[in-house]
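Here's the structure we're looking at; comments come further down.
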Amino acid sequence: KAKGSASTAETDSADSAGGIPRTVVHAARALPGPRLCVIGGRTGVGKTKVLQALRDRFGQSVIDLEGLANHRGSAFGWVGSRDGGQPTPENFTNVLATSWRQLELQQSARGGERGWLFIEDEDTHIGACNLPPAVWAGLRCAPLVVRLVLTEQARVQILVDDYVGDFRQCTAGGAGGSGDGGNAVGYDEWLARMEASVTRLQKRLGGDLVRKIVQALREQQYDAVARELLNYYDKLYDAHVHNSSGTGSGSGSRCGTVIDVEFTEPSFDAEVVAQLVLKRIDTLSPGEIEMA
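For the sequence shown, the positions run 182 to 473 when the working numbering is used.
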């Protein structure tokens with residue numbers, strides 16, 4: 182729905198994509214291999230789940246940055262991570278480069294038109310793993326950004342599923358569950374780490390709200406916790422989309438085409454949303470995908 186392109190009056194040294202020079206934007210777009218389609222949107226819209234559906238259900242080329250980094254990227258990114266912690270910066274960069282090259286070779290072998298490589302919108306780092314500068318620049322220079330838009334009810338469902346999982350019905354001393362939120366730890370450890378993660382946000386949330394959220398966690402009012410955190414992260418996202426490195430249609434928007442894909446059902450279905458993404462992209466004419 183929104184398209185933020187650089188004005189022809191702008192100089193070569195100051196593109197709208199986070200201050201990236203226009204020559205770098207052009208060079209990034211001219212690289213061989215698949216075109217980048219960034220999957221973005223507010224917290225809790227199921228970006229990772231949609232990427233996985235695009236890959237597993239529809240056979241699309243996908244780079245799962247959070248999967249490679251073994252971290253979800255927020256203050257609660259440790260939840261659901263695999264044993265062993267995050268990879269070293271060197272290992273993360275090497276695995277990312279290898280995965281990227283494999284997808285490029287696969288698309289090249291198939292021939293035909295350049296396909297899309299779907300990747301999640303990320304900041305400069307995911308937990309302790311820093312994105313290589315070229316990858317971050319690629320995200321900012323992507324010709325197409327798809328913002329997922331979901332109902333609050335669906336987003337709450339996603340957050341509770343992802344960060345609470347099988348702990349919904351646990352009590353003190355309970356064992357870890359098999360769901361995403363289980364994280365192979367017991368309930369007591371999970372709760373303590375969740376409280377610590379909330380407390381680290383105190384400077385932004387304020388002491389009263391932190392205490393309210395911690396109490397809701399202890400009382401297992403997980404929907405209420407999710408709504409409070411969505412309110413916090415939505416404000417961060419809304420500020421991010423209008424600054425010089427964000428995804429939006431304002432003065433700081435990226436230079437590519439930005440479209441919204443809306444899912445209005447109260448219950449989230451990653452496959453349905455992934456299909457909506459593909460259908461929406463198919464409706465775009467070449468001229469609508471700027472410099473693709």
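C-beta atoms are modelled at their ideal positions from N, C-alpha and C, and glycine is treated no differently.
Could you check whether residue j and residue i sit closer than 8 Å to each other, using their CB atoms as the reference points?
| i | j | result |
| --- | --- | --- |
| E301 | I394 | no |
| V226 | L331 | yes |
| Q241 | L249 | no |
| L457 | V442 | yes |
| V243 | L329 | no |
| T229 | E247 | yes |
| I440 | V341 | no |
| S448 | A335 | yes |
| L312 | T305 | yes |
| E294 | L320 | no |
| A397 | V337 | no |
| Y418 | T224 | yes |
| G267 | A309 | One point to set straight first is that residue 267 is Gln, not Gly, in the sequence displayed. A contact, by the Cβ cut-off of 8 Å. |
Pick helix, strand or coil for residue i, following the three-state DSSP scheme.
| i | result |
| --- | --- |
| D237 | helix |
| I462 | helix |
| Q456 | helix |
| S255 | coil |
| Q382 | Before going further, note that residue 382 is Leu rather than Gln in the sequence given. DSSP places L382 in coil when its eight states are reduced to three. |
| F299 | strand |
| G429 | Bear in mind that the predicted position of G429 carries a pLDDT of just 44, short of 50, making it unreliable; the figure below should be weighed with that in mind. Three-state result, G429: coil. |
| C351 | coil |
| D450 | coil |
Tell me which residue opens and which closes the alpha helix (DSSP H) that residue i is part of.
| i | result |
| --- | --- |
| F273 | P270 to R291 |
| L340 | E333 to Y344 |
| V243 | Per DSSP, V243 belongs to no alpha helix (DSSP H); it is in the beta strand (DSSP E), S242 to I244. |
| L390 | G388 to R399 |
Over the uninterrupted beta strand (DSSP E) stretch that includes residue i, give me the two end residues.
| i | result |
| --- | --- |
| G221 | R216 to G222 |
| S262 | That residue, S262, is in no beta strand (DSSP E); it is neither H nor E in DSSP. |
| V439 | T438 to F444 |
Can you tell me the Cβ-Cβ gap for residue i and residue j, rounded? I've got them flagged as a contact below 8 Å.
| i | j | result |
| --- | --- | --- |
| V316 | L277 | 7 Å |
| G254 | I307 | 5 Å |
| Y344 | F239 | Actually they do not touch by this definition, with Cβ atoms about 26 Å apart. |
| P324 | R216 | 6 Å |
| Q402 | V391 | Contact doesn't hold; Cβ gap of about 15 Å is too wide. |
| W259 | R349 | Incorrect: roughly 19 Å between the Cβ atoms, too far for contact. |
Is the Cβ of residue i closer than 8 Å to any Cβ of chain C?
| i | result |
| --- | --- |
| P215 | Checking the listed chains, one finds no chain C in this structure; it contains a single protein chain. |
Looking only at DSSP bridge pairs, what is residue i linked to?
| i | result |
| --- | --- |
| R328 | G221 and D441 |
| C322 | DSSP lists no partner for C322. |
| I470 | For I470, which the question treats as bridged, DSSP gives no partner whatsoever. |
| N311 | H306 |
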